[in-house]
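A short worksheet on the structure shown next.
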Amino acid sequence: MADLWLISVPLDKTSITSVEKLKHVITRTNLASCFMFPIPDLKEGILDSLLTLSDDLSQMDTLTESVIRNICQCLRDVMEGSRDKVLENTLVNGVDLLGYATRFEWDKAKYPTTNPVTCLKDLINKDVLQVAKELKSRSAAYNSGKASLQSLERKLDGTLQNRSLTDLIRKEDLVVSEYLTTLLVFVPRRSYAHWESTYECLSDLVVPRSSRKLLEDKEGGIFAVTLFKKAVCDFKGKAQENKFFVREYCLEKSDLKKKKEKREMLASSSAWSIPRASEKLCTSAGFRPEKSQRSPMSLCLTATKNRLVRDDSNSSGSSKVFVHWLKVHFSQLSVAWIHLKALRVFVESALRYGLPVRYQALLLQADRKQSKRLEDELASLFGYLDPTATASKAEVAGDIPGFSAQEYFSYICFHINTNFLEIR
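Following this note's numbering, the numbering of the sequence shown begins with 78 at its first residue and continues without gaps.
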């Protein structure tokens with residue numbers, strides 16, 4: 078990954094000569110690529126306002142980069158780390174971020190140069206804050222929906238011992254009357270014989286020979302047993318002692334309707350991890366209905382798969398809509414961010430080199446491994462610009478607005494980090 082260095086030097090004879098030397102050196106040594114970074118004449122205001130503006134722009138720079146990083150992280154989450162898909166959706170006006178920065182042109186329609194610099198700062202700040210707020214709410218909605226869908230998948234994909242039985246059991250499989258009820262019991266495969274020999278003894282009120290195996294998977298089977306309602310608690314306790322697990326179920330129409338509506342809402346509004354989810358649903362636990370019974374599980378899986386793979390583009394919660402929003406706002410914020418860097422160069426040039434502002438800005442693209450060599454070359458060419466050449470960086474940085482000890486150079490320099498696009 079390349080590093081971008083946005084530098085500014087005054088428009089004097091010595092600096093112009095040094096810039097030409099820099100271009101010659103980096104071309105000869107392949108140290109970096111050099112691009113002009115045109116910044117229009119802006120309304121600079123008074124010195125006091127520029128001091129405050131310098132600090133404001135520094136904070137905005139950090140915030141904007143943070144929001145862009147969060148957008149990229151959301152894209153990585155939705156795309157499951159697919160580098161090609163992430164890069165495909167992180168373009169700036171149709172090109173990658175490096176391409177946009179190296180061919181930068183001020184957008185006068187969006188950021189009119191007739192406005193004072195403080196107004197331009199406010200325009201960018203408003204956009205960034207709005208996107209940050211909306212990203213937080215959309216990301217929360219996405220994560221909530223994803224968690225709900227994954228919970229649903231676990232219920233559909235689990236073994237018969239722990240998954241929901243509501244969609245698997247038919248009403249005609251059960252005996253329910255004023256005095257009788259049917260319990261569904263999970264019996265491990267190794268305990269089938271033990272179950273058949275003991276279930277009638279777990280309570281005196283069990284209907285003899287009422288055990289029927291309804292469903293089976295690789296772990297065990299679901300057996301239905303009929304007994305008197307008043308014996309349910311006693312039966313459950315004895316069953317647990319014998320390592321038989323009585324499963325809960327509900328066939329109330331209202332509850333079934335609510336569960337069905339919830340599942341359909343989650344599935345139709347969620348397209349995240351679709352291929353993987355549908356494959357898991359279709360190859361899950363290998364449930365097998367007994368004899369010629371029509372498989373409710375098969376019907377459930379087919380219907381759920383169809384709902385999952387249907388990407389409802391009209392739903393605000395669908396991943397397709399979320400990805401589109403992320404793509405659009407990555408571009409929008411990246412444009413704002415590079416303009417913000419330009420504003421910082423303009424303001425710092427005014428503070429460092431004086432008014433009226435006369436400077437030239439260059440964008441250097443260097444391989445990260447060459448950063449130290451490039452820094453040394455720049456220091457040798459523009460060291461004369463340091464107003465206190467004998468002072469330490471920390472001392473100088475304390476006297477110059479907008480610069481910390483780690484950032485201070487004899488020339489103005491801002492790094493444009495692009496490592497948030499990297500996928501490790």
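Beta carbons: idealized from backbone N, C-alpha and C, even for Gly.
One Cα belongs to Val252, the other to Arg146, and the distance between them is close to 59 Å. The DSSP-derived three-state label of Gly122 is coil. Separation of the CB atoms of Asn170 and Val412 is rounded to 7 Å, and the pair is thereby assigned contact status at 8 Å. Take the alpha-carbon of Phe486 and the one of Lys100: they are about 19 Å apart. Beta-bridge analysis with DSSP links Ile299 to Phe263, Leu292. The C-alpha of Ile116 lies about 13 Å from the C-alpha of Val86. When rounded, the separation of the alpha-carbon atoms in Ala209 and His406 is 10 Å. For Ala443, the enclosing beta strand (DSSP E) has its first and last residue at 436-444.
Counting C-beta pairs closer than 8 Å gives three or more between the stretch 116-130 and the stretch 190-208, which meets the contact rule.
The Cβ atoms of Leu451 and Ala109 sit closer than 9 Å to each other. Counting the other Cβ atoms within 10 Å of the Cβ of Cys149 gives 16 or more, which makes it buried.
Here Arg421 has Ser131, Leu134, Ser135, Asp138, Gly479, Phe491 as same chain residues with Cβ atoms under 8 Å from its own Cβ, once five neighbours each way along the sequence are excluded. When Cβ pairs closer than 8 Å are counted between the two stretches, the stretch 119-128 is seen not to touch the stretch 442-459, the count staying below three.
Of the candidates Gln409, Ser396, Asp444, Ser395, the residue whose Cα lies closest to the Cα of Gln207 is Gln409. In the DSSP annotation of this structure, the continuous segment of the beta strand (DSSP E) that includes Ile84 starts and ends at 79-87. Residue pairing from DSSP places Ile489 in a beta bridge opposite Ser85.
When the Cα atoms are used, Ser216 and Ser225 turn out to be separated by approximately 14 Å. According to the DSSP assignment, Cys310 belongs to the alpha helix (DSSP H) that extends over 309-318.
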